[in-house]
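Worksheet for the structure shown next.
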Amino acid sequence: QKEVEQNSGPLSVPEGAIASLNCTYSDRGSQSFFWYRQYSGKSPELIMSIYSNGDKEDGRFTAQLNKASQYVSLLIRDSQPSDSATYLCASSGAGSYQLTFGKGTKLSVIP
Amino acid sequence: EAGVTQFPSHSVIEKGQTVTLRCDPISGHDNLYWYRRVMGKEIKFLLHFVKESKQDESGMPNNRFLAERTGGTYSTLKVQPAELEDSGVYFCASSPLGQGAYEQYFGPGTRLTVT
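As they're listed, the protein sequences go chains A and B. Per my numbering, the first sequence starts with residue 85, numbered consecutively. Per my numbering, the second sequence starts with residue 2, numbered consecutively.
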């Protein structure tokens, strides 16, 4: 059974701080990893994808992947109240388009 | 560019009735996926179309669920007859072939309530 685990939160950070969201996965064959942001009642929005070990930066977001530890993280720098949402971690296996999701971490950025 | 659209946004039906959900993918996206989120659980994969062909339907829970994608454009997901455990939010997603194929863009979902 492939699983993606996330701390459900809520994770509360003050405005301007760094928010750190973590995710572990059970399937060593996982090759592709994604972070989605979901506002309440809205669609999951793809914000980051990462395919190889190391860091990938896009604006205020940095995704980190460590395949040896089966660990993925998302850092949000200079957190804003508009970043308050549920963040979903997802993975897919080699050659597979089937996404396995975690339950999500709820982030609250306090003004 | 219009995103993935789904219809209806909400549906309330009685156990034993039939419901059909519709998904219109992003224009030009040949990959189309259906997912479902049951309350308190994670989003789970149902199936994957490439154009009009079912590429992977390993997540379909049982034969009460029928997905189609005639002509390789929009897709429908029919539940017949609906059971209480079918309640949840049904998401559709799409992605292009080739570059970016693994990056799926989700629609707003259809919230299905079976009473």
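No residue lacks a Cβ here, since even glycine has one placed at the ideal position from N, Cα and C.
If you compare the alpha carbons of A:166, A:113, A:141, A:167 with that of residue 157 of chain A, the shortest gap goes to A:141. Here the alpha carbon of residue 93 of chain B sits roughly 12 angstroms from the alpha carbon of residue 70 of chain B. The C-beta of residue 171 of chain A comes no closer than 9 angstroms to any C-beta of chain B.
Residue 31 of chain B sits in coil when the DSSP states are folded into three classes, being neither helix nor strand. Taking each of B:90, B:75, B:13 in turn and checking the Cα distance to residue 53 of chain B, the smallest one comes out for B:75. Residue 89 of chain B sits in a strand when the DSSP states are folded into three classes. Rounded to the nearest whole angstrom, the CA to CA distance from residue 123 of chain A to residue 18 of chain B is 31 angstroms.
Looking only at A:92, A:166, A:112, the smallest Cα-Cα distance to residue 178 of chain A is reached by A:112. Between the C-alpha atoms of residue 36 of chain B and residue 48 of chain B there is a straight-line separation of about 7 angstroms. Per DSSP, reduced to three states, the secondary structure at residue 98 of chain A is strand. Taking a 10 Å sphere around the C-beta of residue 90 of chain A, we find 16 or more other C-beta atoms and assign the residue as buried. Residue 110 of chain B sits in coil when the DSSP states are folded into three classes, being neither helix nor strand.
The contact set of residue 177 of chain A on chain B, defined by CB atoms closer than 9 angstroms, is empty, because the minimum CB distance reaches about 11 angstroms.
In the three-state reduction of the DSSP assignment, residue 71 of chain B falls in the helix class.
Remark: three or more beta-carbon pairs, one from each stretch, lie closer than 8 angstroms, so the region 76-83 of chain B and the region 12-32 of chain B are flagged as touching. Within the region 47-65 of chain B, 49, 56, 57, 59, 60 place their CB atoms closer than 8 angstroms to a CB of chain A, listed in sequence order. With at least 16 other beta carbons inside 10 angstroms of its own, residue 43 of chain B counts as buried. Nearest C-alpha to residue 59 of chain B among A:161, A:116, A:184: A:184. Here residue 167 of chain A carries a helix assignment [DSSP, helix/strand/coil]. Look at residue 64 of chain B here: in three-state DSSP terms it is coil, with no helix or strand label.
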